[in-house]
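In terms of my numbering, the sequence shown has 274 at position 76, counting the first letter as 1, and numbering is strictly consecutive.
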Amino acid sequence: MRALLAALTLIVVTFAMSNGAPTLSCTQCHVDAKAIPPKDLVVEGIPKYYEPGKIYNITVKILDVNPCNPEVMAGCGGFAVHPSAGELVQTDKVNTIIAHNPVDGVYITHSERGHMKREWRFAWKAPSKPQPVEFKVAALAANGDATPFGDYYGAKVIKTYPVGWTGPANGGGAGTGAPEVGVASSSKVLKEIKNLLLVSIFTQSVTLAFVIALLALNLLKKRGT
Numbered sequence: 199m200r201a202l203l204a205a206l207t208l209i210v211v212t213f214a215m216s217n218g219a220p221t222l223s224c225t226q227c228h229v230d231a232k233a234i235p236p237k238d239l240v241v242e243g244i245p246k247y248y249e250p251g252k253i254y255n256i257t258v259k260i261l262d263v264n265p266c267n268p269e270v271m272a273g274c275g276g277f278a279v280h281p282s283a284g285e286l287v288q289t290d291k292v293n294t295i296i297a298h299n300p301v302d303g304v305y306i307t308h309s310e311r312g313h314m315k316r317e318w319r320f321a322w323k324a325p326s327k328p329q330p331v332e333f334k335v336a337a338l339a340a341n342g343d344a345t346p347f348g349d350y351y352g353a354k355v356i357k358t359y360p361v362g363w364t365g366p367a368n369g370g371g372a373g374t375g376a377p378e379v380g381v382a383s384s385s386k387v388l389k390e391i392k393n394l395l396l397v398s399i400f401t402q403s404v405t406l407a408f409v410i411a412l413l414a415l416n417l418l419k420k421r422g423t
């Protein structure tokens, strides 16, 4: 685990410097932020079974955590979403941006103005080739005092399948209903992510934020935590 965290920190430092964030170390920004309760990190619009080629409107929002007041707060928070297949569609060009990183490719995240929000909207065009799709979602609710204290973070992995899917991933059978959701539990990896997401939001380094989030979610998946 220490080797993994060291590699994560090295990558973070590289991206932080290229995006204007301060040079970081694993201990520079460790604070006791709380996890966003699963019920308060809401992702709407991802179906359990999708139709290939269809466009779905998706909303990510944070509820009942550190109320956001843009008039007095330095920042309310941020988000990042990466689907393993399909195409992201930017429906809100003011509060979201589509970008890419060398780890996982294309993703959508908050813009400079969007970090004053707690709700973000975009669309996803399902892949034309039927296949399971995994959405990685990361979000942070800041208290707006421009410090890395008193904030909340959360992450989810959501799976969706093509209509009629009978593969082993969901035990077989087709139907409708809520998509499969995995809530990333507290761990050393998530603690690293939370700290660095805080810095990236306050420095408006959205690429750094997403790279950190994806790296940690990948590590969690590989380690089965």
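Beta carbons are placed, not taken as given, at the ideal position from N, Cα and C, and that holds for glycine.
Quiz item: Can you tell me whether DSSP reads V315 as helix, strand or coil?
Solution: One point to set straight first is that residue 315 is Lys, not Val, in the sequence displayed. Coil.
Quiz item: Looking at C-beta atoms only, is the number of pairs between the segment 349–366 and the segment 300–312 that lie closer than 8 Å three or more?
Solution: no
Self-check item: P325, DSSP secondary structure in three states
Solution: coil
Self-check item: Terminal residues of the beta strand (DSSP E) in which N255 lies
Solution: I253 to I260
Quiz item: From E242 to I356, what distance separates their C-alpha atoms?
Solution: 11 Å
Self-check item: CB of A324 within 8 Å of CB of Y248, strictly
Solution: yes
Practice problem: Please classify T364: is it buried, with 16 or more other beta-carbons within 10 angstroms of its beta-carbon, or exposed? | Solution: exposed
Exercise. Reducing DSSP to helix, strand and coil, say where K232 ends up.
Key: strand
Practice problem: Leaving out five residues on either side along the sequence, give the residues of the same chain with a beta carbon under 7 Å from the beta carbon of V263. | Solution: I234, D238, A339 and Y350
Practice problem: Would you grab the beta carbon distance between A283 and Q329 for me? Rounded to a whole angstrom, and I think it's under 8 Å. | Solution: 6 Å
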